[in-house]
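**Q** Everything in the sequence shown is counted per our numbering, starting at 103 for the first residue and increasing by one.
Dropping a structure here in C-alpha cells format, bear with me for questions.
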Amino acid sequence: MSIIKISELADAPGEGQGRKIHFEHPFTYYRYDIALFKAGDKYYAITDACKHCGGSLGRGRLEGLLAYCSAEDHPWNIKTGVYKFDRTRVLPTYNVSAEPDGLYINI
C-alpha cells in the first residue's frame with residue numbers, strides 16, 4: 103500500500119460535490135480514475151467508472167452518500183462502494199485523509 107497525494111485542498115470538491123481525478127501511481131505506473139467526493143465534512147474516494155455502463159461517478163450527482171453515474175444515473179454508495187439495487191455489485195473505495203498540504207489516499 104502507498105499513500106498518494108491526489109489533490110490540493112484548494113482544488114478539492116465542495117460539500118455535496120464530486121470530481122473525477124486521474125493519476126498515475128508513482129511506483130507501479132498504474133493509471134487510476136477515481137471519483138472524489140465531500141459529504142458531511144468528510145472526503146470519500148471510489149473508483150470512477152460505473153460497473154453497469156462505464157459512466158463517470160465523479161461527473162454525476164451526489165445525494166447524501168449516493169453518487170449517481172453521469173451516463174445512466176446508477177446509484178453507488180461512496181462509503182462502501184455498494185450498488186443500491188444489488189449488494190453483490192461493489193466498486194473499490196479508498197480511505198482519504200485531509201492534511202494541511204492536500205488530500206491523500208491509501209492505495
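By construction, the Cβ of each residue, glycine as well, lies at the ideal position given by its N, Cα and C atoms.
Because the structure is a prediction, the values reported are computed rather than measured.
Quick one: give me the first and last residue of the beta strand (DSSP E) that leucine 138 is part of.
**A** 133–141
**Q** Could you give the distance in angstroms between the alpha-carbon of aspartate 188 and the alpha-carbon of valine 198?
**A** Taking C-alpha positions only, aspartate 188 is separated from valine 198 by approximately 25 Å.
**Q** Three-state secondary structure (DSSP) at alanine 151?
**A** strand
**Q** Can you tell me where the beta strand (DSSP E) holding leucine 159 begins and where it ends?
**A** Careful: leucine 159 lies outside any beta strand (DSSP E) and carries neither H nor E.
**Q** Kindly indicate which three-state DSSP category aspartate 113 falls into: helix, strand or coil?
**A** helix
**Q** Pull the bridge partners of alanine 200 from the DSSP assignment, please.
**A** Leu205
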